[in-house]
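Residue numbers (the working numbering): 11 to 362.
Ideal Cβ positions, reconstructed from N, Cα and C, are used throughout, including at glycine.
Structure first, then comments.
Okay, structure coming up:
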């Protein structure tokens, strides 16, 4: 890990010292620090197991530190990003060794001279959802239940097409699995994904993403099918809305015709009070009675409402401060023998 960071830093130093840097090659960095207080006061300082960002209690900590190099020309593109922080620690816990610190590593080739048609391969950001691991690009400080419990990253090959007017984007993917760089042992079955995005104008986006795959060894295959829908709307200069809905199904057993299911709707509103101040409100619900994604060991599984309110202040263009209050209310007592819990989180974001 140390050698990887030294390599990236050396490349950045070469860029800074070079009299002329090729425009195709760029370097960037991102730091997201935070403090979060969980009112259930967990002794081990770990927040709820279904949260992977900002999940350390009563600590000043680093959620994500990222160094990234990108190369872009008309016919070739490539990205490599190395990361540290509690996001990498918890969200990539299933990966091996240095892979835990790999944010992305991918290369893409344009395969048509007439159309914007690309093939990309490697580790890349997920094609599912409107949030990412980069907190400053998400509307709320903390990630939604929807985002925390669907893939942030994926590994595989992607064929994508963008229309000439840039209103349509389509992609098909062959993947190693549900947020996996390495396959499950004994699993030789490829997973598949699709994405369809329509932007009728600069203020409206509609998206439909899908996933189909098996997360078990091939001897006990259980197929999982997942749909992610969302619309993003900038209603005027000050007010924006995101409405989303996810629904998934997984076979109850190998070769079974019966399926467990889970679903999650969400609504987010963002109001720009000034050019520096934004207020964000979020309401969400996550239902996983069969505990496909979130295990509780309780009679009703995971059935939880969530509400949050954010205050954002842009100190300067590349420095953002946020504070958020968040509450969960669950059908069962899943929060230290209680059915509800409150969190207070503050974060500082710096990018270059």
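In this model, residue 96 and residue 124 are separated by some 44 Å (Cα to Cα). The Cβ atoms of residue 222 and residue 202 sit closer than 7 Å to each other.
Contact between residue 42 and residue 145 holds: CB atoms are separated by about 5 Å, below the 8 Å threshold. Annotated three-state conformation of residue 184 is strand, per DSSP.
Around the beta-carbon of residue 148, 16 or more other beta-carbon atoms lie within 10 Å, marking it buried.
Counting along the chain, residue 157 sits inside the alpha helix (DSSP H) bounded by residues 155 to 158. The beta carbon of residue 78 is closer than 6 Å to those of 38 and 91 in its chain, skipping five residues each way along the sequence.
When DSSP reads this structure, residue 117 sits in a beta bridge with 88 and 131.
No Cβ-Cβ contact shorter than 7 Å links residue 235 with residue 216. In this structure, DSSP gives residue 98 a helical state, which the three-state scheme calls helix.
Contact between residue 254 and residue 243 fails: their C-beta atoms lie close to 12 Å from each other, not under 8 Å.
By the criterion of a C-beta distance shorter than 6 Å, residue 278 is surrounded in its chain by 149, 252 and 292, once the five residues flanking it on both sides are discounted. Apart from sequence neighbours up to five positions away, the residues of its chain that approach residue 276 with a beta-carbon distance below 6 Å are 154, 156, 254 and 294, ordered along the chain. Listed as beta-bridge partners of residue 45 by DSSP are 70 and 356. For residue 47 and residue 66, the gap between their C-alpha atoms comes out near 8 Å. If you draw a straight line from the Cα of residue 347 to the Cα of residue 310, it comes to about 14 Å. Residue burial is scored here from C-beta neighbours: residue 261 has at least 16 other C-beta atoms within 10 angstroms and is therefore classed as buried. Looking at the DSSP output, residue 60 bridges to nothing. Looking at the DSSP output, residue 275 bridges to 255.
Within the model, the alpha-carbon separation for residue 190 versus residue 165 is close to 6 Å. Taking each of 107, 35 and 51 in turn and checking the Cα distance to residue 354, the smallest one comes out for 51. Following the DSSP letters along the chain, one finds residue 201 inside the beta strand (DSSP E) bounded by residues 201 to 211. Checking the DSSP bridge columns, you'll see residue 289 partnered with 281 and 321. DSSP lists 35 and 88 as the beta-bridge partner residues of residue 81. Here residue 287 is exposed, its C-beta having fewer than 16 other C-beta atoms within 10 Å.
Residue 151 carries a coil assignment under DSSP once its states are collapsed to helix, strand and coil. Contact between residue 34 and residue 82 is confirmed by a C-beta separation of about 6 Å, below the 8 Å threshold. For residue 229, the three-state secondary structure derived from DSSP is helix.
Beta-bridge partners assigned by DSSP to residue 171: 127 and 180. Under the DSSP assignment, residue 308 falls outside any beta strand (DSSP E); it carries neither an H nor an E label.
One thing to note: residue 80 has its Cβ within 7 Å of the Cβ of residue 89. Taking the Cα of residue 159 as reference, the smallest distance to any Cα among 265, 177, 175 and 139 is reached at 139.
Approximately 17 Å separates the beta-carbon atoms of residue 44 and residue 324; this is outside 8 Å, ruling out the contact.
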